[in-house]
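Trainee:
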Amino acid sequence: MIRVLLFFLLASCAPVSQLPVQQVGSRKVASQEKYGVLILSDIHVFTATNSKRASLVPPNFQRLMEKLELFVDENNIKFVVLLGDCTSGNVDDKFSLKTVKTWWDALKESLNPLIQKGVRIFPVAGNHDYYTQGHRDGYKYAWCLFVGDPHHCADSANGTDAEFVLAAPKPEYYTLSYKNLDLFFLHAVDYKISAAQELWLKGVTQASKDDQHIKLAFGHVALYTRMIERPFKSFGDKVSNILLAGNIRHYMNGHEHYFWDEFIGAEKFRQTIVGTSSGTYNYAPHLRNYQRFCKEENSDGLKLCEMEPEHIKFLTRPSDRKQIHKQMFVHLEIDENTNSYKLNPYAYYKDQIIPF
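Dropping the structure here:
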C-alpha cells in the first residue's frame, strides 16, 4: 500500500510524459494463505477485414497476456473472471456461428499461457457477445471451451475439478464456490433481469446467506450505470436488494470501459466497474459523477480521482474525463486466514504492469 501511495503522490504532480512507471515483477510469490483472482473485461476480439477474415485479439491484450504469466506466479492466481464483451458482435451483423467460434478460439489461444498453468476461466456474456443467435450460440460454445460442465457440454473434462463447486442452471448464470469464496455470476447484458433469473438469484443467495464465506457478484452491465445522469434505478434497486438480502455487498461489472469504484445508497452497496483489459476504446463517467470524486488538480492540469471504498486514486484528463491509463485489469487478493480480500487495480502501460 505504501508503494502505491508513493506512486500516486508522484503521479499527481508530474506531467503525463513523466508519469512514474513502477514495474510489477520483483515481488515474492504470495503465501499459500493468500491466493488471487484476475478480473478481465471488454477485450473485444474482432474479425479482420482482409480476405481471410481472420479473428484478431487486440495486440495490446496479447502483450498484456505475456506479462501476466509472471504476475500469475507471483500472486498465486487460481482463476480468471471474464466480465463480458470478449467479442465484438453487433446487432445487425451477419456473422455465422462458425465465424463467432473463431473469435472465442482466438481468445482461448491468448489465454492458453494462463490455462496451462492451471488457471481456470469463468465467463459471463456481454451485450456484444449476445445480440444475434450466432453470438448466443457462440457464447455457449465458449462456456464449454472454458468451463465444460457436464450438464451443458459433451466434453466435461474441465468440470471435474473438486476444488471448484459449480452450479449452473444455464451457461448464462451460475454460482461458483472455491475455498472461502461464494461467487454469483449474473446474466446482465442489458438493464433488466428475467423472471427466471430473478427467481434463481433469490433462491441461491438466500441458501448461502448465513455461511461465513466471502460473497461477490459479477455481471456485464452496471447495476447503476455511471455513464448517464439518471441510471436505471429500478433495475439496480431490484438486483442489489436481492443481493443485499443474501449478504452480498459487492458487485463487479464491465461494459463502461473505465474504472469506477464506489458505495451506493445507505446500505453502502459496493459497485466496481472494471475498465477494459484491451484498451481498444474508452468512455468516461457522467460529469455529475466525475465532479463528485475527481476534484484535486495537479500542475499539469490533470485531475486526481479518489474512489471511496479503498481510496484508490488515478489521474484523468478534465477535458474528456477519461483516465490516463486506459488498459487495465483487477486483481482480487484473497486472504484465507482473515477471510478478507483486497481489490488491486493494475494498468498495462509502456509494456509494463503497474499499480493503477
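If you use the numbering used here, the sequence shown corresponds to residues 80 to 435, in order.
Positions of the beta carbon are idealized from the N, C-alpha and C atoms, including for glycine.
Please state if the CB of threonine 284 and the CB of glycine 325 are separated by a distance shorter than 8 Å.
Mentor: For glycine 325 and threonine 284, yes; Cβs fall inside 8 Å.
Trainee: Is the separation between the beta-carbon of valine 159 and that of leucine 117 shorter than 8 Å?
Mentor: The answer is yes: Cβ separation under 8 Å.
Trainee: Does the Cβ-Cβ distance between histidine 123 and alanine 204 come in under 8 Å?
Mentor: No, the Cβ-Cβ distance between histidine 123 and alanine 204 is not below 8 Å.
Trainee: Under 8 Å, with one C-beta from each stretch per pair, do the stretch 335-354 and the stretch 379-389 reach the 3-pair mark?
Mentor: Judged by Cβ distances under 8 Å, the stretch 335-354 makes contact with the stretch 379-389, as three or more pairs qualify.
Trainee: Which parts of the stretch 275-328 are runs of the beta strand (DSSP E), unbroken and 3 residues or longer, counting only runs that do not cross its ends?
Mentor: Runs of the beta strand (DSSP E) inside the stretch 275-328: 293-297.
Trainee: Looking at the strands, I want to know which residues DSSP matches up with threonine 395.
Mentor: Threonine 395 is bridged to Lys382, Gln402.
Trainee: Since phenylalanine 264 and arginine 199 should fall inside the 8 Å C-beta cutoff, what is the C-beta to C-beta distance between them, to a whole number of angstroms?
Mentor: At roughly 13 Å, the Cβ-Cβ gap does not stay under 8 Å, so phenylalanine 264 and arginine 199 are not in contact.
Trainee: Report yes if the CB atom of tyrosine 218 is closer than 8 Å to the CB atom of tyrosine 209, and no otherwise.
Mentor: Yes, Cβ-Cβ distance for tyrosine 218 and tyrosine 209 is below 8 Å.
Trainee: Looking at C-beta atoms only, is the number of pairs between the stretch 273-292 and the stretch 306-314 that lie closer than 8 Å three or more?
Mentor: Too few Cβ pairs lie closer than 8 Å, so no.
Trainee: Would you tell me roughly how many angstroms separate the C-alpha atoms of histidine 410 and leucine 394, rounded to the nearest one?
Mentor: Rounded to the nearest angstrom, the two C-alpha atoms are 19 Å apart.
Trainee: Can you check DSSP and say which residues form a bridge with tyrosine 146?
Mentor: The displayed chain sequence assigns lysine, not tyrosine, to residue 146. Lysine 146 is not bridged to any residue.
Trainee: If you drop the 5 nearest sequence neighbours on each side, which residues of the same chain put their C-beta closer than 7 Å to that of tyrosine 270?
Mentor: Around tyrosine 270: Val300, Phe311, Phe314.
Trainee: Does DSSP put cysteine 436 in a helix, a strand or coil?
Mentor: Nothing about residue 436 can be read from this structure; the chain reaches only from 80 to 435.
Trainee: Do tyrosine 369 and arginine 396 have their CB atoms nearer than 8 Å?
Mentor: The answer is no: Cβ separation not under 8 Å.
Trainee: Quick one: Cα of serine 175 to Cα of aspartate 121, how far?
Mentor: The straight-line gap from Cα to Cα measures roughly 21 Å.
Trainee: Which first and last residues belong to the beta strand (DSSP E) in which threonine 351 is found?
Mentor: Where threonine 351 is concerned, the enclosing beta strand (DSSP E) stretches over 348-352.
Trainee: Using the three-state DSSP reduction, which class does glycine 115 fall into: helix, strand or coil?
Mentor: Looking at glycine 115 - three-state DSSP - the assignment turns out to be strand.
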